[in-house]
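Here our numbering is used: the first residue of the sequence shown is 745, the next is one more, and so on. Cβ atoms here follow ideal geometry from the backbone N, Cα and C, with glycine treated the same way. Only a predicted model underlies this, so the values are computations on that prediction, with no experimental measurement involved. Input: a single structure, listed below in C-alpha cells.
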Amino acid sequence: MAILIFSGKAFDGKRFYEDATVKVDSKSGTILGFGESGSVEEPRGSKKTKVEGGTILPGLIDAHVHFYSSKGAGVNEWASVPDTLAVLRGAGDMRKLLRAGFTAVRELGTKGGVHLAQAVAEGAIDGPEVVSCARALAQTGGDDDPPAFSLEVAQQLTSYTYFCDGPWECRKAVRKVARDGGRVVKFYASGAFSRGTEVKPNFTLEETRAIVDESKRLGLKVAAHAYGEEAIGRAVSCGVDSIEHGLGLTPRLASEMKRKGTRYVPTLVTYANPAYKNRCNEMVKRHLSDDMLVAKESGTEVAMGSDIVGDGARPHGRNYEEIAEEARFLGNREALVAATSRAADCLGLEKAGMLREGYRADIVVVRGDPEKDIQALAPERVIHVMKSGRLV
Ligand SMILES: [Zn+2]
C-alpha cells in the first residue's frame, strides 16, 4: 500500500487544527496533501488511520545534541571513551530518539558524528537524520581541552574537537569540517562550566570573524556556544546563525538577534538537570528564570535544543523535556514551532518540519493533546513514528 492517510487533531508546524487530514506517499516518502478534513482527496484503497484522542505532528527536531556515549559525565569521561564504542552506543541512542518521535537532530560535537549521520543516511542503522558539525572548533586551553592530559594526548582524545588558534588556523579548521562532511560549523565563543563557575570569552574578534567568514564562503551555517554578554555580542556581531545556550542574554543583544534573524537555542533542560545544582551560580539561575523572558520580549526566535549529550547524567530519550521547559515561557504552541518548523530551518533542512504538500513525510502521532498538555510528547505517549514515509 503506497498511500497512507492519518486524520484527527493536528499541528502542522505552525498551528493546530481540530480535524485535519494528512496524506502520505510511502514510496516517495513525501506528504501528498494536508488540510482540514474533507479538503484532501482520499484515493480508494488507501490505508486510513483515524487518530482518536491523539494528535498528528511533524517529526520532532532537536537542534542541539551530542552522542558522547559515556557512562560517567564530564570532559575527561567523554574524552576517554574509545571512538568505536562511542559510535556503537551512539547508534543505540539514535534508535531511542527515533522511537521518541525525533526525526532529525543536529549534533554539535561527537566522536564519529559524521559517520553516525552517514550510517543513518545509508539505512545501515535506524535513527533521526543527523546534521553533524563533524568536530567543534575550540581554542587551545579552552574548557574542551582536558588539562589532565598533555596537549598532544588531549587533542587525540577529544576527537570531537579541532583546536585552532589564530585566524588562519581557524579558517583551516572550518575547511577540515567541510572536508569531513560537516554540515554546520560549531565553535566555542566562550568557555562552559567545565572548570568551576567562571566562564571567559574564547577566540578573539579576528578569529571569530575568520570562522564565520570561512563558514559562509563554504555555505555552512555557524552555531556559537556562548555564555555572557561579551561572547554573545561578538558572535552575533560577526553574523553567526545561532547562539547556543546564551546564558546572560541582554535586551540589547536579543534585539540585535531579532534584527539579524539569529536563532536562540537555550538548552534549558541541561541547566535544570540536578547534575548542575552544585554549580548553581547566578548565571545558571538567571538562565532558568530570565533569559527566555528577555528573548520572548524582543521577539528573538527560539529553536528547540536540549544539549543532551548521552552520558550518565544526561541520557537520550526524553529530549521532549526541553520542549516542556521552553513551553513554560513560550506557551505550548510556540514551543512546538521551535521544535518543528523553526528547528528544521535552523538545521537548514529543506521541506521538513511541517505537514505540507511536498514536504518529507516525517510524522509523529501522540496520545493526548499537546496544545493543552505538553506531556503528551513524552515517549510513552508516542503511538506512531514515520520517517520519510516509513513507519518505525
Ligand atoms: Zn552542547
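- Exposed or buried, Lys815, counting other C-beta atoms within 10 Å across all chains shown (16 or more means buried)? exposed
*Proximal residues to Ser934 (C-beta, below 6 Å), its chain only, five neighbours per side dropped*: Val943, Pro945, Asn946, Ala970, Tyr971, Gly972, Ala975
- request: Count the CB pairs spanning the region 916–927 and the region 946–959 that are closer than 8 Å, and state whether there are at least three.
  value: yes
Just to check, is the beta-carbon of Asp1051 closer than 6 Å to a non-hydrogen atom of ligand 1? yes
inquiry  = Can you determine whether any heavy atom of ligand 1 sits closer than 6 Å to the C-beta of Leu860, and answer yes or no?
reply    = no
- prompt: Closest by CA to Gly1061, which one among Glu785, Gly857, Arg1125?
  reply: Arg1125
DSSP puts His1031 in a beta bridge; with which residues? Beta-bridge pairing links His1031 to no other residue.
Check whether chain B comes within 7 Å of Gly853, counting only Cβ atoms and requiring the distance to be less than that. Any reference to chain B falls outside this structure, which holds one protein chain only.
With 16 as the cutoff for other CB atoms within 10 Å, does Arg1134 come out buried or exposed?
exposed
Next item on the list: Compare the beta carbon distance of Cys982 and Thr1006 with 7 Å and say whether it is the shorter of the two.
Entry: no
For this session: Tell whether a beta-carbon distance below 7 Å holds between Ala1088 and Ile805.
Result: yes
In chain order, what residues of the same chain lie with their CB nearer than 8 Å to the CB of Pro890, ignoring the 5 residues before and after it? Val819, Asn820, Ala823, Ala898, Leu901, Thr902
### Query
With distances taken between CB atoms, is the gap from Val795 to Val1109 smaller than 7 Å?
yes
Once the 5 residues before and after Asp1113 are set aside, which same chain residues still bring their CB inside 7 Å of it? Lys753, Thr799, Ala1120
Margin query: For ligand 1, is there any heavy atom lying closer than 6 Å to the beta carbon of Leu881?
Written below: no
Q. In chain order, what residues of the same chain lie with their CB nearer than 6 Å to the CB of Leu841, ignoring the 5 residues before and after it?
A. Pro872, His1060
Check: Which two residues bound the contiguous alpha helix (DSSP H) that contains Thr1014?
Finding: 1012–1016
Quick one: residues in its chain with C-beta nearer than 8 Å to the C-beta of Ile1067, no 5 flanking neighbours on either side, listed in chain order? Leu804, Met1048, Ala1079, Leu1080, Ala1082, Ala1083, Ile1118, Leu1121
**OP:** In the DSSP assignment, find the alpha helix (DSSP H) that holds Gly857 and state where it starts and stops.
**Re:** 857–866
| query | Is the CB-CB distance between Glu851 and Gly857 below 7 Å? | reply | yes
I need the straight-line Cα distance from Val1037 to Phe750, nearest angstrom please. In the sequence as presented, Val is not what sits at residue 1037; that position holds Leu. If you take the alpha carbons of Leu1037 and Phe750, they lie about 37 Å apart.
Per-residue DSSP class, three states only, for Pro891: coil
*Would you kindly report the start and end of the unbroken alpha helix (DSSP H) that includes Ala844?*
First-last for Ala844: undefined, no H or E at that position.
Check your understanding: If you compare alpha carbons, which of Ala1039, Glu988, Arg939, His859 is closest to Ala892?
Key -> Arg939
- Measure the CB-CB distance between Asp1051 and Thr1014 and report whether it falls below 7 Å. yes
**Counted within 10 angstroms of its Cβ, other Cβ atoms place Leu832 as buried (16 or more) or exposed** = exposed
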